[in-house]
Amino acid sequence: MEALFAEGKIKKDVIKEGDGPFPQDGDRVKVEYVATIKETGKIFDDTKKNGNPFKFVVGKSDIEIWSLGVKTMKVGEHSKFEFDSTFAYGEKVTEVGIPANTQIVIDVELIKIMETFENIDDAISRAEQINEMAANKFRGGDLDSALDLYNDIFDAIDGYTNDKISEIECRTFRNLSIVHGRKGNWKQSLKYADDVLLSKEDDLKALMRKIEALINLENLDKAKETLEHAILVSKNDPAFLALRGKLENAQKLKNKRENEQYAKMFKQ
Numbered sequence: 001m002e003a004l005f006a007e008g009k010i011k012k013d014v015i016k017e018g019d020g021p022f023p024q025d026g027d028r029v030k031v032e033y034v035a036t037i038k039e040t041g042k043i044f045d046d047t048k049k050n051g052n053p054f055k056f057v058v059g060k061s062d063i064e065i066w067s068l069g070v071k072t073m074k075v076g077e078h079s080k081f082e083f084d085s086t087f088a089y090g091e092k093v094t095e096v097g098i099p100a101n102t103q104i105v106i107d108v109e110l111i112k113i114m115e116t117f118e119n120i121d122d123a124i125s126r127a128e129q130i131n132e133m134a135a136n137k138f139r140g141g142d143l144d145s146a147l148d149l150y151n152d153i154f155d156a157i158d159g160y161t162n163d164k165i166s167e168i169e170c171r172t173f174r175n176l177s178i179v180h181g182r183k184g185n186w187k188q189s190l191k192y193a194d195d196v197l198l199s200k201e202d203d204l205k206a207l208m209r210k211i212e213a214l215i216n217l218e219n220l221d222k223a224k225e226t227l228e229h230a231i232l233v234s235k236n237d238p239a240f241l242a243l244r245g246k247l248e249n250a251q252k253l254k255n256k257r258e259n260e261q262y263a264k265m266f267k268q
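Under full-length UniProt numbering, the residues of the sequence shown are numbered 1 to 268, in order.
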């Protein structure tokens, strides 16, 4: 590892070079990281595992290591840092069980420098622009780009709250469910459909996505329960009635496969 500064108390090893700009004080950045205790190798935080990238303002983080380390990285860079305890948690014992005076290692990828806005109206305007770009990618069959853009919407509105923001969030969850379903990522499609239904329990588009995901995941009892609710709240919408046949066929195929498996077991 290369000693950066502070008499070698911060060291860095570049795993993958980045090709973007260096962040500056005041920039809002998004990173993925895995943090471990050097002595034991124990992981105490992992953003990829918990599904929540870390976002912070460079120069204003409560923990100094973030600003010191990330300012040496280009966007897209993946590096590993080793921090002396004086730049980490010092003599404090943390809530996650990091002992006092502990050296830590953080494996970091600088994902992006996030856009910042003067006010909520500017953030909403940008979110709407990104939504249109994502929709165009989806219509053109570029599903991966559509997914990236829909996720960018959350970065644009991050930190803002009002009814319009809630509406944008709900629409984006719905669109992510559709795109993941088109890609056959049924667990993700189900997750985003459920995100919509947390605030709009009778949203018909989200109910449709949820039922399709449950059928493909072979959670057929839950699919049947959700379908009956959807038929009720949609007042017998033909699109939901048609799913009854699809669900029945899925149940027959599942029963057939299970019967064949049982037959093989008894032959052994």
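We put the CB at the ideal spot given by N, CA and C, even for glycine.
Please name the residue in the options whose C-alpha comes closest to that of residue i.
i	options	result
LEU110	ILE104, LYS71, ALA135	LYS71
ILE63	VAL75, PHE83, GLU77	PHE83
LYS191	LEU68, ALA213, ILE157	ALA213
ASP152	ASP13, GLY26, ILE130	ILE130
GLY69	ASN52, PHE22, ASN175	PHE22
ALA35	ILE65, GLY181, VAL75	ILE65
LYS38	VAL58, LYS11, SER67, ILE104	ILE104
ALA135	GLU115, THR172, ASP195	THR172
VAL75	ALA100, LYS112, THR116	LYS112
GLU77	GLU118, ASP19, PHE44, ARG28	ASP19
ARG126	PHE138, PRO99, ILE157, ILE98	ILE157
ASN216	GLN251, LYS200, VAL233, GLU225	GLN251
THR47	VAL196, ASP107, ILE120	ASP107
For residue i, which three-state DSSP category applies?
i	result
GLU258	helix
THR102	coil
residue 301	This structure cannot settle anything about residue 301, because the visible part of the chain is limited to 1 through 268.
VAL93	Unreliable placement is indicated for VAL93, whose pLDDT of 48 sits below 50; the coordinate value is still reported in the next sentence. The answer is coil: DSSP assigns VAL93 none of H, G, I, E or B.
ILE63	coil
VAL57	strand
PHE22	coil
ASP203	coil
LYS80	strand
GLU218	coil
VAL75	coil
ASP195	helix
ASP158	coil
ASN50	helix
ALA223	helix
What are the boundary residues of the beta strand (DSSP E) that includes residue i?
i	result
THR36	28-37
ASP237	No beta strand (DSSP E) holds ASP237; DSSP gives it neither H nor E.
Just reading off the alpha helix (DSSP H) that residue i is part of, what are its end residues?
i	result
ASP13	From DSSP, ASP13 is part of no alpha helix (DSSP H) but of the beta strand (DSSP E) over 10-16.
GLY181	163-183
ASN131	120-139
Identify the residues that DSSP records as bridge partners of residue i: which are they?
i	result
SER145	According to DSSP, SER145 bridges with nothing at all.
GLU109	GLU32, HIS78
Just checking residue i against the ligand NAP - is the residue's beta carbon closer than 7 Å to any of the ligand's heavy atoms?
i	result
TYR33	Of ligands this structure carries none, so the ligand NAP is not represented either.
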